[in-house]
Amino acid sequence: KVKKLRQTTILGYAMSQPFTIINTNTQKQFTVSKDYVIISTLIKKQLELDPSFDYIEIETTDYAIETVVDYMNHHQGREKAHPEMPLLSRVMRDVCVDPYDAILVDRLSESPGGFSNLYTVTYLAHTLQINTLLYLTCAKIASLIKGQPLDQIRQILL
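Just so we're aligned, residue 1 is where the sequence shown starts under the UniProt record's numbering, counting upward by one.
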């Protein structure tokens, strides 16, 4: 669902023009600069068609949106290199170009929601077409199953 909304709330960032992501589950709104949100191919294409486009509604968790907004703000709308495949190490800080990225995905898999948060952010990155974040979360999943016996892989993936 994509609708227009006039949103001027700015939540702690110096923004040229605000863009709002609304969680339809909780109605919570997350604001990020249009300059940064263009890391999402889906949103970037919509903005090219309609420059006044300023919000999107998504059904997911607040934690997933907070993570994606944090990622957008850190990378400031620019795609960075993603880990090389196949992974040379199971340790994310060894394979990530940006130390922030390693911390982000390690935090996802170690958070109280565990693998569920990692999978939810992976799905959201896929939905919004944030390719570098999608590759990053998939690399984390690969690092978790690399070298594991089949029964352990099943536990991780289910």
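Idealized CB from N, CA, C, for every residue including glycine.
Within a 10 Å sphere around the beta-carbon of valine 95 sit 16 or more other beta-carbons, which makes this residue buried.
Looking at the backbone, the Cα of phenylalanine 115 and that of aspartate 62 are separated by about 16 Å. The Cβ atoms of leucine 136 and valine 105 lie closer than 8 Å to each other.
Taking 8 Å as the cut-off, the Cβ atoms of threonine 120 and leucine 134 do not count as close. Counted as a single uninterrupted DSSP element, the stretch harbouring isoleucine 39 is not any beta strand (DSSP E), since DSSP gives it neither H nor E.
In the DSSP secondary-structure assignment, isoleucine 145 is not bridged to any residue.
Taken atom to atom, the span from the alpha-carbon of phenylalanine 53 to that of glutamine 148 is near 45 Å. By the Cβ-count criterion, histidine 74 is exposed, with fewer than 16 other Cβ atoms from all chains shown falling within 10 Å of its own Cβ. Inter-residue distance for threonine 67 and threonine 41 is about 17 Å (C-alpha atoms, whole angstroms). Proline 86 sits exposed, since fewer than 16 C-beta atoms from the chains shown fall within 10 Å of its C-beta.
Annotation for phenylalanine 19: the continuous beta strand (DSSP E) segment containing it runs 18-23.
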